[in-house]
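So the sequences go chain by chain: A and B.
Each number in the working numbering corresponds to the 1-based position in the first sequence with 3 added.
Each number in the working numbering corresponds to the 1-based position in the second sequence with 11 added.
Read the structure below first, then the notes.
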Amino acid sequence: MKVYVNQESVDLLRGMIVKHALMSAGLLKEIEASKKVYDEWENEVGLDGALSEGMKIYLKATLKK
Amino acid sequence: MKRWRVVLWPVLIFFLFTTTAYGQQAEIKILHVNDFHGFVEPYQPLGSEELLGGIAYLAGRANELRKEKPSLLLSAGDMIQGDNWANLFQAESVIELMNQMRFDAMVLGNHEFDFGQEILKKRISEAGFPILGANVEGLGSLRPYIIKELKGIKLAIIGVVTEDVPASTHPRNVAGLKFLSPIEAVRKYMGEVKNKAHAIIVLSHIGYPADRVLAEKVNGIDVIVGGHSHAKITKPVMIGKTLIAQAWEHGKALGVLDLTVKDAKIIKSEGHLEEIKPEKGKEDKAALVVVNKYKEKVGAVLNVRIGEAEVDLDGENVRSRETNLGNFIADVMRNLTGADVAMINGGGIRVSIREGEVKVKDIYSALPFDNYIVAIKLTGKQIREALDHGVSGVENEGGRFPQVSGLTFKYSPSEKRGPRIKEISIAGKPIDCDREYIVATNDFMAVGGDGYKAFGEAIKSSGDFSVIGGMMKGEKVVYSDSSRWLRDVVVEYIREKKKIAPKVEGRIIEIR
């Protein structure tokens, strides 16, 4: 399964979650620096959130909606 | 006369149905949660400065909101598998809590299958509310939909779960079951319910991107209450004429959707998420009783004796040398998966266990991380690269130092440049760099945790796996079971063996 973290592709096994995508991209530690993960529609998603083929997620400083 | 009866009955039924819907306006409320995963206590999310969640507080707020207007409380799945509060009781605790909170319906999530079908059927039988799964074939006790009536308004609720369930649990948990297309299932049952209900709600555990596709492809859905992607949808989104809502995760938010229905149409909607915070006095006392009852039991379960260690189990030196605890855990992983080799990062093992009786809590302390086991085919060359990476930080006691099973290797820590690994043997023979071997590891290392790249390369080159006839089929991926944490696998292994006495046996040899 290929997903995109901040536009960079990462390859994961089916069933893996947001946390795995961040680990694979080497970005998990950014969460500790108060960054959050958003989907392409700017909804915050949890670290245990499911991923699907081609999904795009972004790590950003907190967004005000 | 008989002919008139045949003609008149449908007219009468249509009249009775429509008179409750037409000319009548009703305001109702949908309350919803998803992906709770047993997190009953408030906690401070990573990177956050405040405590969020706490199911008793969520229950208290739901009770307040219910007083405003006729309401439904719905769950969009994955109520179990996560926190010990749920896992240690195979979700019996969660169902008791949901009964206490008077849930009206729930759809199965992928994690509801994690304890196997027998346990799932037991939990369904204990639930005082219907559990839905319109696209699941083979699990008799599920219902595809229900129709609930609130203030004369009939609401059809159809439940669908992701087709990907077999990829996210052990194949035995879904043996004999079929997961059909959620879109096709919704289409099918909409045909049945559209003349019986004034509004149609899909309770979905397929994830927000798939919810959007469902809304685009199937006309006539009024509301999708979703889960699976743990999306914090602060205001419901309208796709075509369908509203989509989702309430984040872990009971950190309660979804609230107010609907005004008139003439069998939703004429007004307003939705939002309420973040749940632990405010003294706002908790629901009855929910708290259930929470505390099982919290006390958690302590008792963790103190259960599972076996005996005939030697001290060394978890102190796992970042710098072979240890018997590292060997033992790697052996358990290799045995379970049938792999040629197992490899685990020493940093994943946190404490030692003294000789004597071993309790559940000892294993939970030694393996505190929520890691699961995967097995992937690597070439001998990739194994060599992985081991070279593993020993590259040994002077700093880096967590990446490997503990292994099924192989032995020699390395030279004094080597400053170039590979430190000097010899590797698998099953007593020198490693063949071109041959593929099955390597068991944890999900952390598989995705490149601690800098391990070899597994990621294998995943990238393999495509993916599928589950066919209860077996995992993939070019490179041989095993992946996110339904059980590694620590629970180790607990079960010790329970079965009763006594363990692992040794340091020269699997990792340092050349000076």
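No residue lacks a Cβ here, since even glycine has one placed at the ideal position from N, Cα and C.
These figures come from a predicted structure and were not determined experimentally.
Among the options, the one whose alpha carbon lies nearest that of residue i
i, options, result
"B/Y383", "B/K464, B/G467 and B/D499", "B/D499"
"B/N74", "B/R154, B/K293, B/V362 and B/I374", "B/K293"
"B/G49", "B/E123, B/T452, B/L76 and B/G231", "B/E123"
"B/C444", "B/S403, B/L85, B/G417 and B/Q393", "B/Q393"
"B/E160", "B/G127, B/G170, B/I470 and B/D115", "B/D115"
"B/E507", "B/S104, B/G58, B/I522 and B/I317", "B/I317"
"B/V176", "B/A350, B/I449 and B/D89", "B/D89"
"B/S472", "B/E486, B/S425 and B/D454", "B/E486"
"B/S152", "B/K132, B/I169, B/M201 and B/L119", "B/K132"
"B/A311", "B/W496, B/L99 and B/A178", "B/L99"
"B/Y490", "B/Q35, B/Q36 and B/N453", "B/N453"
"B/I211", "B/Q257, B/N230, B/I355 and B/V224", "B/N230"
"A/A36", "B/E60, B/V267, B/I217 and B/E366", "B/E60"
"B/E203", "B/P155, B/A178, B/I217 and B/A297", "B/P155"
"B/P141", "B/I130, B/N206, B/L119 and B/V172", "B/L119"
"B/H239", "B/G251, B/V248, B/Q257 and B/K246", "B/Q257"
C-alpha gap between residue i and residue j, whole angstroms
i, j, result
"B/I106", "B/K372", "25 Å"
"B/E260", "B/R446", "44 Å"
"A/E45", "B/Y504", "44 Å"
"B/T271", "B/T253", "15 Å"
"B/K279", "B/I39", "11 Å"
"B/S562", "B/I255", "Residue numbering for chain B in the displayed model covers 12 to 523; residue 562 of chain B lies beyond these limits and cannot be assessed."
"B/D94", "B/N121", "16 Å"
"B/A186", "B/T180", "11 Å"
"B/K440", "A/M58", "43 Å"
"B/V450", "B/G127", "26 Å"
"B/H43", "B/V502", "35 Å"
"B/A32", "B/Y219", "Summary for B/A32: the model assigns pLDDT 49, below 50, so the residue's position carries little reliability; its value from the coordinates is reported in the next sentence. Between B/A32 and B/Y219, the C-alpha separation is close to 31 Å."
"B/A221", "B/L347", "34 Å"
"B/T390", "B/G417", "15 Å"
"B/M117", "B/P81", "18 Å"
"B/S494", "B/I374", "18 Å"
"B/I522", "B/M354", "20 Å"
"B/E227", "B/I235", "12 Å"
"A/E1", "B/N314", "The structure shown does not extend to residue 1 of chain A, since chain A is modelled only from 4 to 68, so the question has no answer here."
"B/D46", "A/V8", "22 Å"
"B/R223", "B/I340", "43 Å"
"B/I364", "B/V322", "9 Å"
"B/Q55", "B/P289", "11 Å"
"B/Q92", "B/V405", "35 Å"
"B/I470", "A/L15", "7 Å"
"B/L214", "B/A87", "6 Å"
"B/G462", "B/A386", "18 Å"
Cβ shell of residue i (< 6 Å), same chain only, five flanking positions each side left out
i, result
"B/P379", "R361"
"B/S436", "T419"
"B/E368", "R316 and E319"
"B/L108", "V301"
"B/R518", "E333, V415 and T419"
"B/V51", "I66, W96 and V302"
"A/E33", "L62"
"B/N110", "G139"
"B/L191", "N146"
Residues near residue i by beta carbon distance below 8 Å, same chain, minus five either side
i, result
"B/A208", "I158, K165, L166 and A167"
"B/P430", "R395 and D399"
"B/I432", "R395, L398, D399, V402, F420, K421 and Y422"
"B/V329", "L336, G337, G357, G358, I360, F412 and Q414"
"A/L31", "K22 and L25"
"B/V309", "N95, W96 and L99"
Closer than 7 Å: residue i CB and nearest the ligand SAH heavy atom
i, result
"B/S425", "Questions concerning the ligand SAH fall outside what the structure shown contains, since it holds no ligand whatsoever."
Those residues which DSSP pairs with residue i across a bridge
i, result
"B/G251", "According to DSSP, B/G251 bridges with nothing at all."
"B/L270", "B/I39 and B/S280"
"B/K159", "B/L166"
"B/Y422", "B/I432 and B/E521"
"B/D115", "Paired residue(s): none; B/D115 is not in a bridge."
"B/V339", "Rather than Val, the amino acid found at residue 339 of chain B in this sequence is Phe. Answer is none; B/F339 lacks a bridge partner."
"B/N356", "B/P413"
"B/E319", "B/E368 and B/K510"
"B/D492", "B/I384"
"B/V44", "B/S86"
Residues near residue i by beta carbon distance below 7 Å, same chain, minus five either side
i, result
"B/I287", "L63, G64, G65, Y68, L69, R72, G262, K263, A264 and L265"
"B/K243", "W259, A264 and L284"
"A/G52", "I20 and V21"
"B/L84", "L42, A73, M112, R113, F114 and D115"
Practice problem: Take every Cβ of the segment 509-521 of chain B, pair it with every Cβ of the segment 335-347 of chain B, and state whether three or more of those distances are shorter than 8 Å. | Solution: yes
Quiz item: Can at least three beta-carbon pairs, one atom from the segment 297-307 of chain B and one from the segment 75-95 of chain B, be found at a separation below 8 Å?
Solution: no
Exercise. Count the CB pairs spanning the segment 445-459 of chain B and the segment 138-150 of chain B that are closer than 8 Å, and state whether there are at least three.
Key: Touching, no.
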